[in-house]
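Input: a single structure, listed below in structure tokens.
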Ligand SMILES: CC(C)(COP(=O)(O)OP(=O)(O)OC[C@H]1O[C@@H](n2cnc3c(N)ncnc32)[C@H](O)[C@@H]1OP(=O)(O)O)[C@@H](O)C(=O)NCCC(=O)NCCS
């Protein structure tokens, strides 16, 4: 068979040690991964290069295994983990990409995966990886590694060019007016001036972060603390990865407390995509239109001040109120991912097999 004796060579290193001549190959594969996962245009290469060139950090790290054939990068595997104590350090998110159309997909996946799991930081006990449904990569994790799909992630996208700008501005104004009458003030902050609300935001974020989506009630798992340094650390992390945040907040005027927010990340390397990250309203203040109104404010912002066309958001579960809001905002199901969770005992068994 042509090329069947070509050997895969592996470079195993931390993100900060990746050889310069391998970076462009990784960037191209990361663009392929974005397109496969989102069915949307990827970022310009500089976005991924910026990520690869980040300096050593005391809050996160990335372990890489890069595969080459004849000096060409044909695939890589990467585990992205946290090192700060306030984060859950027992899991890492993983990427594994092989050149599109590669015949020996499964063989190379096996090699890269084996090497990655043998070089993980010792605290990591679980790996998470997203695979679009129906791709052969999914079979590798389910059949060969024996991993389970922990949940499905539904990527929903609204093409905001469908909105009439004047009507949308008018509706958002009316929504804000209704909230004002109910005793809420709307605020807008970005990465640049978030420090002015960070202290007040931390307790709101802590509650929202810990909501269990299925029940949509505050039946909480293990509560993860969200101190203010975690709020600022998260923004710093996103900023270092090129994501500029726009945060729309609702403040309860009587108590002065922040009670709801929605946030969009926009990268200058892909300005036509706005990534709606978290939205949350604390239970005592729900069902008064805060969630919807916040999203309307962010929609108007994108329509009038940005180049965003595709407004994307992910839902891990069927979340009745969020789906209702998203339906009103023109969202359609775009891609469904299987989110595999691979446990240490599973990768150890895989290595032995
Ligand atoms: C989703 C969430 C932000 C909604 O906030 P909210 O301020 O209560 O929502 P709104 O009052 O604006 O409601 C918007 C629409 O959803 C409907 N809705 C709200 N709660 C609902 C529920 N529990 N079941 C069904 N529909 C619901 C409302 O009736 C309204 O539709 P309508 O105008 O046609 O009546 C809030 O429930 C929440 O914080 N959930 C937990 C966090 C979360 O799941 N976030 C989403 C993932 S990031």
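Residue numbers (the numbering used here): 52 to 404.
Glycine residues also receive a C-beta, built at the ideal position from the N, C-alpha and C atoms.
These figures come from a predicted structure and were not determined experimentally.
Measuring only the C-alpha atoms, how far is residue i from residue j?
i	j	result
residue 106	residue 221	45 Å
residue 388	residue 203	6 Å
residue 125	residue 115	14 Å
residue 381	residue 210	7 Å
residue 218	residue 310	27 Å
residue 256	residue 139	16 Å
residue 325	residue 354	11 Å
residue 141	residue 83	28 Å
residue 327	residue 374	14 Å
residue 165	residue 402	6 Å
residue 351	residue 146	34 Å
residue 335	residue 233	14 Å
residue 321	residue 96	10 Å
residue 379	residue 74	42 Å
residue 265	residue 197	For residue 265, the pLDDT reaches just 43, beneath the cut-off of 50, and the residue's location in the model is therefore unreliable, although a value from the coordinates is still provided. Cα to Cα, residue 265 sits roughly 26 Å from residue 197.
residue 57	residue 159	12 Å
residue 359	residue 400	46 Å
residue 214	residue 153	41 Å
residue 69	residue 396	29 Å
residue 356	residue 92	21 Å
residue 247	residue 62	44 Å
residue 169	residue 366	32 Å
residue 183	residue 199	15 Å
residue 268	residue 333	Its pLDDT being 49, under 50, residue 268 is placed unreliably by the model, and the measurement read from it follows with that caveat. Each residue's Cα considered, the two are about 10 Å apart.
residue 54	residue 149	Confidence in residue 54 is poor, its pLDDT being 48 and thus under 50, which makes the residue's placement too unreliable to answer from.
residue 348	residue 86	28 Å
residue 245	residue 281	13 Å
According to DSSP, what are the bridge partners of residue i?
i	result
residue 314	298
residue 213	BP columns for residue 213 are empty, so no partner.
residue 199	392
residue 208	363 and 383
residue 181	390
residue 147	128
residue 303	235 and 308
Thinking just about the alpha-carbon of each residue, which of the options is nearest to the one in residue i?
i	options	result
residue 136	277, 371, 335 and 341	277
residue 283	113, 303 and 252	252
residue 123	97, 80 and 146	80
residue 289	365, 72 and 110	110
residue 172	357, 64 and 295	64
residue 261	189, 330, 400 and 108	330
residue 201	177, 223, 208 and 214	177
residue 89	244, 205 and 160	205
residue 76	169, 128 and 345	128
residue 175	134, 214, 199 and 194	134
residue 315	247, 337, 364 and 224	364
residue 223	392, 343, 391 and 98	343
residue 102	185, 66 and 87	66
residue 163	144, 180, 183 and 118	118
residue 240	302, 100, 71 and 323	302
residue 242	371, 188, 297 and 293	297
Pull up the CB-CB distance for residue i and residue j, whole angstroms please, since I reckon it's below 8 Å.
i	j	result
residue 237	residue 227	5 Å
residue 59	residue 120	6 Å
residue 295	residue 317	6 Å
residue 207	residue 385	6 Å
residue 230	residue 340	7 Å
residue 345	residue 312	7 Å
residue 192	residue 393	7 Å
Could you confirm whether any beta carbon from chain B is found closer than 8 Å to the beta carbon of residue i?
i	result
residue 149	In the structure shown, chain B cannot be found, because there is only a single protein chain.
- Jot down the residue ranges of each uninterrupted beta strand (DSSP E) in the region 216-290, minimum 3 residues, whole runs only, in chain order. 235-241
- In chain order, each beta strand (DSSP E) run of at least 3 residues that lies wholly inside the region 95-145: 111-120 and 123-133
- Run through the region 313-388 for me and flag every whole beta strand (DSSP E) of 3 or more residues, listed as ranges in chain order. 324-332 and 361-366
- Message: If we require 4 or more residues per run, which alpha helix (DSSP H) segments fall completely within the region 56-89?
- Response: 71-89
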